[in-house]
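Note sheet for the following structure.
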Amino acid sequence: MEWLSLDLQYFSGEKTEKATPKKKQDARKKGQVAKSQDINTAFVLLAVFFLLFLMGDYMKGIILQVYEIAFVQYIGMPLTEASIQVIFIQMLELCAKLLIPVMAAAMIGGVVANYIQVGFLYTTETLQFKLSKINPVQGFKRIFSWRAIVEFLKSILKISLVGVLVFLVIRSRITEILILSQKSIGAALGTLADLVVKVGLLASLLLLLLGILDYLYQKYDHEKNLRMSKQDIKDEYKNIEGDPLIKSKIKQRQREMAMQRMMAEVPNADVVITNPTHYAIAIKYDESKMDAPFVVAKGVDFIAQKIKFVAKENDIVMVENRPLARALYDQTELGQGIPEDFFKAIAEILAFVYKSKGKI
1 MEWLSLDLQY FSGEKTEKAT PKKKQDARKK GQVAKSQDIN TAFVLLAVFF LLFLMGDYMK
61 GIILQVYEIA FVQYIGMPLT EASIQVIFIQ MLELCAKLLI PVMAAAMIGG VVANYIQVGF
121 LYTTETLQFK LSKINPVQGF KRIFSWRAIV EFLKSILKIS LVGVLVFLVI RSRITEILIL
181 SQKSIGAALG TLADLVVKVG LLASLLLLLL GILDYLYQKY DHEKNLRMSK QDIKDEYKNI
241 EGDPLIKSKI KQRQREMAMQ RMMAEVPNAD VVITNPTHYA IAIKYDESKM DAPFVVAKGV
301 DFIAQKIKFV AKENDIVMVE NRPLARALYD QTELGQGIPE DFFKAIAEIL AFVYKSKGKI
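full-length UniProt numbering puts the last residue of the sequence shown at 360; the count rises by one with no breaks.
Below is the structure:
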C-alpha cells in the first residue's frame, strides 16, 4: 500500500496564526480596529434621550415659548424689517437653547462610545485618497461580499426589532394617544414627550444590546482578517531583527532584565567587596553549588552604588579592599567562581564575615 506524502511547505502560506503585536499595532496606526457603529448609535441615542428625560420640563417650556411668540405675541404684528429681525433673533436664541444641549449630549455619547471601543486613536490614514476606493471592480466586490450580506441582515434585524418595540409601546398607550386632541397644548406635549422618551430609551437599550453582539462579531472578524501565515511571522521577525532601532531597544531591555536579576541576587551574598566608590563585587560561597566562592553581582560607578545600597538594606557586610575589588571586577564574570589567585584573600574576608556574624 502506498502512502501519500504531503510537503508541509505548501501549507505555510495559509493564514492560520494569530496576528503578532506588531501587526496589530500597524493595523491600529492605519485606523483598522474592531469597532461597532451600532454601539456608537446606541450611546448617542441614550445620551440624547436621557438628557430629554432629565430636561423635559425645560424643553417643554422652550417649545411653548416658540408657540406663544409665533401664535400669540406677534400674530398681529406688521411685517417690517425691524419686526422680522426681532422675531428672527428671538427664535434663534430659543432654538440654540433647545438644540445645543442635545448636540452636546450626542457628541459626548459618540466620544465615550469610541473611547470605550478603541481608546484614544488619531490617524489620518483613513482620510488619504486611494484609487481602490473608486475602483468599480473593488466596489462591486464590496457590495456583494459576505460582509455586505451580514451588514444587510443586521440592518433588517435592527429595523424589525425596533419596529416591534415601537408598536408594542404605542399599543400599550393607544388610549392616551387617541384623546390627545381633547387635551391642552401643554398636556399634549407632555404626553407626547413622555411617549417619545420612553420609546427612545427602550430602543437605545435594544440597540446597545445588538451593538455588543455586533462588537463581538467585529472583533472576531477583525482578528480573522489580521491572521498571518507562518511565513509572514518569519518575515516580520527578520524585518524587526534588521531594524537598528528595534535591535537597540531589545538589547536595552535585555540589559535591564539582566540588571534586575543581578540585583535580586545581592541580598543572597555573603559579602560585598568595594573600592569603595567606583567598584562593588558581591561574593557568595555555597558548597552545594560550587567548590569556590562565586560572583553574584558586580558593577562600577552607578551600578556599584546601587549594589552597595541593596547590600546595606539587607544587612550584607561590606569590606573595603581597593586592589582586590578592581582585580575581581576585571578577571571574573557573573556566576563564575573566583580564580585561585584570590582564594587566600577571599578566604580571609569570608572568615572575618562569618566570625562577625557568629557563624564560626
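Backbone N, C-alpha and C fix where the C-beta goes; we use that ideal spot for every residue, glycine too.
query, result
"C-beta contact flag for residue 269 and residue 296 at 7 Å", "yes"
"Check whether residue 304 and residue 279 have beta carbons under 7 Å apart", "yes"
"Expected contact under 8 Å - CB spacing of residue 233 and residue 283 to nearest Å", "Wrong, their Cβ atoms sit about 44 Å apart, outside the cutoff."
"Three-state class that DSSP yields for residue 282 in the structure shown", "strand"
"Residue closest to residue 337, alpha-carbon to alpha-carbon, out of 274, 292 and 313", "292"
"Close Cβ partners of residue 1 (< 7 Å) along its chain, the five nearest in sequence each way excluded", "Unreliable placement is indicated for residue 1, whose pLDDT of 43 sits below 50; the coordinate value is still reported in the next sentence. Counting only Cβ-Cβ distances below 7 Å, and skipping sequence neighbours, we find nothing."
"Reference residue 271, options 192, 351, 184 and 55, closest by Cα", "351"
"Residue 38 vs residue 214 beta-carbon contact at 7 Å", "yes"
"Same chain, Cβ closer than 7 Å to residue 355, neighbours up to 5 away in sequence not counted", "none"
"Beta-carbon spacing of residue 15, residue 227 below 7 Å", "yes"
"Proximal residues to residue 275 (C-beta, below 8 Å), its chain only, five neighbours per side dropped", "304, 320, 322, 325 and 326"
"Whole-number beta carbon distance between residue 92 and residue 197, since they are thought to touch under 8 Å", "Not really, about 26 Å apart at Cβ, beyond 8 Å."
"Of the residues 154, 46, 58 and 20, the one placed nearest residue 113, counting alpha carbons only", "46"
"Contact set for residue 36: own chain, Cβ-Cβ below 6 Å, skip 5 residues either direction", "211, 214, 215 and 218"
"Bounding residues of the alpha helix (DSSP H) (the contiguous stretch that carries residue 313)", "302–313"
"Cβ pair residue 204, residue 42 closer than 7 Å", "yes"
"Beta carbon of residue 165 nearer than 7 Å to that of residue 195", "no"
"Ranges of the alpha helix (DSSP H) found wholly within the region 18–85, counting only runs of at least 4", "21–29, 37–54 and 56–68"
"Residue interval of the beta strand (DSSP E) (run including residue 274)", "271–274"
"Residue 320: first and last residue of the uninterrupted beta strand (DSSP E) it sits in", "317–320"
"contact_flag[the region 75–85, the region 102–112] where n(CB pairs < 8 Å) is 3 or more", "no"
"Buried versus exposed, by CB contacts within 10 Å (16 or more), residue 266", "buried"
"For residue 342, the first and last residue of its enclosing alpha helix (DSSP H)", "Unbroken run through residue 342: none, as it is neither H nor E."
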